[in-house]
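A short worksheet on the structure shown next.
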Amino acid sequence: MSVSCLVAESTPLQAGSLRLHVAKPAWRHSWTLQSLLLKGGPTDHNLVREWVTVLQRLIAQLDRPRRLIVFINPFGGRKKAPSIYLRKVAPIFKLAGISTEVIQTRYSGHAKEKLLEVDLNDFDGVVCVGGDGMVNEVINGVLVRAQVDAGIEADDVRSRLHPATMKVGVIPAGSTDALVFTTTGENSPVTSALLIVMGAEVSVDVASIHSQEKLVRYSLGFLSYGFFGDNIKSSERYRWMGPLRYNMSGWQTFLKHKSYEGEVKVLVKKNGSVLTPYDPTGKDRCRAGCNVCYKTNSKLQQEISEELENNDVVRVQGQFLSISCALMANRCARSSAGVAPTAHLGNGVMDVILVTQCSRLNFLKFLLYCAPRQRGDGRHPGDSVLAANLPQVPARHRKVRNAKSLQVPFCPLFPNLIAGVCAQGRQLYTRQRQVHQHLAVRRRTSF
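Under UniProt numbering, the first residue of the sequence shown carries the number 1, and numbering increases by one thereafter.
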């Protein structure tokens with residue numbers, strides 16, 4: 001069994017004793033904080049002090065954070081983020097000797113504003129205590145700051161994204177906490193705090209969304225247009241209900257059965273095997289030490305250049321109930337396998353699921369398939385997937401019905417896709433391959 005020592009200290013209550021505070025793996029993916037008391041003899045004072053000195057010196061040599069800036073969202077989820085931090089997280093940071101600057105956000109965008117102002121060189125990382133919305137806000141602040149400092153024009157969709165060196169840690173305190181659940185396997189503030197203290201890190205994909213030659217935002221995890229987007233928007237009216245608000249707004253959105261007219265256009269490269277079978281059976285599921293993500297991360301360190309000449313154009317036009325993009329599995333308590341079970345954290349692949357107009361019954365089947373499930377091949381019902389090597393597709397606006405309910409104008413921004421058509425459920429299931437560098441960034445998650 002592996003343990004990680006957080007701090008060693010001599011115990012004044014018992015002469016010649018040494019107390020070790022360690023992080024220990026517990027049930028499944030969770031970690032717990034334990035205290036071990038090593039008793040010595042009454043004449044072992046000097047030996048114990050020597051042990052403490054040596055252990056503290058070894059711990060100091062590890063790549064662990066020493067100073068963190070912490071953002072707490074008091075409005076997200078069950079509104080318990082401040083108490084979660086004070087009761088479960090702050091004591092662990094203090095025990096590990098981590099100094100913190102704590103900022104409690106007062107309004108949407110507050111964390112992003114602060115990240116654009118403060119001197120990030122004074123910190124080893126940023127920690128956000130809140131839900132997935134808070135995480136995305138912090139990620140946007142970190143990435144926008146990195147582009148500004150590097151002199152990169154973020155509004156240019158073809159500009160190469162400058163990776164941010166600042167690491168981001170997440171303490172779950174929201175309604176779903178899909179990012180933490182997917183990256184750590186647990187929705188536990190203690191586990192996340194211990195992983196941050198130990199310096200654990202993993203690389204994830206981040207997508208950029210542009211509209212009218214302007215950067216709308218960076219997105220991490222999941223973004224959606226149609227049903228899921230409308231659900232999130234309408235749920236704001238029921239924020240007082242906590243996580244249950246998604247159930248209320250979800251049923252209302254489902255009964256409205258609203259669809260949007262639009263067109264998705266992609267460019268398919270002629271050279272090579274354009275349409276080859278793709279098997280999303282989940283044989284290479286993303287787990288700890290994922291070899292797929294490791295290889296992709298190594299390749300993305302090199303400059304990638306895509307030519308847009310000599311390509312075929314593929315268009316998908318119609319009434320869409322949902323357009324969903326998943327950069328990871330997005331597991332949570334409501335969907336234990338996630339909406340995209342075979343998606344990897346950092347392999348440069350984005351899963352896009354387009355659901356065209358269908359009956360409420362068929363759409364309900366699709367939603368039920370996304371509900372909690374432990375096993376499965378990761379395929380949506382009735383889908384047939386074909387691989388395609390597709391380059392970047394410039395954004396184009398299309399006329400959309402019920403435009404007032406849209407949060408972001410309809411823009412097909414999915415480069416290098418693997419596209420497949422489903423006849424039974426009238427769905428289009430696509431995957432992104434070899435992500436353009438401005439759509440991917442490495443090392444952007446928990447320590």
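Note that CB positions come from ideal geometry on N, CA and C, so glycine has one too.
Per DSSP, what are the beta-bridge partners of residue i in this structure?
i      : result
CYS325 : LEU223, VAL352
PRO172 : GLY130
GLU263 : GLN317
HIS162 : DSSP lists no partner for HIS162.
THR184 : Beta-bridge pairing links THR184 to no other residue.
ILE209 : ARG217
GLU101 : ILE69
LYS167 : GLY125
Assign residue i to one of three DSSP states: helix, strand, or coil.
i           : result
TRP27       : coil
SER249      : helix
VAL48       : helix
TYR107      : coil
ARG217      : strand
VAL190      : helix
GLN147      : helix
LYS112      : helix
LYS39       : strand
SER17       : strand
GLY125      : strand
SER203      : coil
SER335      : strand
LEU364      : helix
VAL138      : helix
residue 450 : No information on residue 450 is available, as it lies outside the stretch 1 to 447 that the chain covers here.
VAL157      : coil
LEU33       : strand
SER234      : helix
GLY229      : helix
ARG239      : helix
SER83       : helix
LYS256      : helix
Mind checking residue i: buried by the 16 CB within 10 Å criterion, or exposed?
i      : result
GLU153 : exposed
PRO65  : buried
HIS29  : exposed
TRP31  : buried
GLN147 : buried
TYR225 : buried
LEU86  : exposed
LEU390 : Caution applies to LEU390, whose pLDDT of 30 falls short of 50 and renders its modelled position unreliable; the value that the coordinates give is listed next. It counts as buried.
PRO189 : buried
ALA343 : buried
ASN231 : buried
PRO42  : exposed
HIS257 : exposed
LEU223 : buried
Beta-carbon separation of residue i and residue j under 7 angstroms?
i           : j      : result
LEU95       : TRP51  : no
SER324      : PHE228 : yes
residue 448 : GLY97  : The structure shown has nothing for residue 448, since the chain only spans 1 to 447.
GLY130      : SER175 : no
ILE171      : VAL292 : no
VAL135      : CYS128 : yes
VAL102      : VAL138 : no
CYS332      : ALA193 : no
HIS261      : ARG315 : A small fix is needed here, since residue 261 is Glu in this sequence, not His. No, the pair does not count as a contact, with Cβ atoms beyond the cut-off.
LEU354      : ALA207 : no
ASP155      : LEU215 : yes
MET166      : LEU195 : no
ASN330      : GLY151 : no
Can you find a CB in chain D that lies within less than 7 angstroms of the CB of residue i?
i      : result
VAL339 : In summary, chain D is missing from the structure at hand, where a single protein chain is found.
For the stretch 52-81, which segments carrying the beta strand (DSSP E) assignment without a break, of at least 3 residues, lie completely within its bounds, in sequence order? Within the stretch 52-81, the complete beta strand (DSSP E) segments of 3 residues or longer fall at 67-72, listed in chain order.
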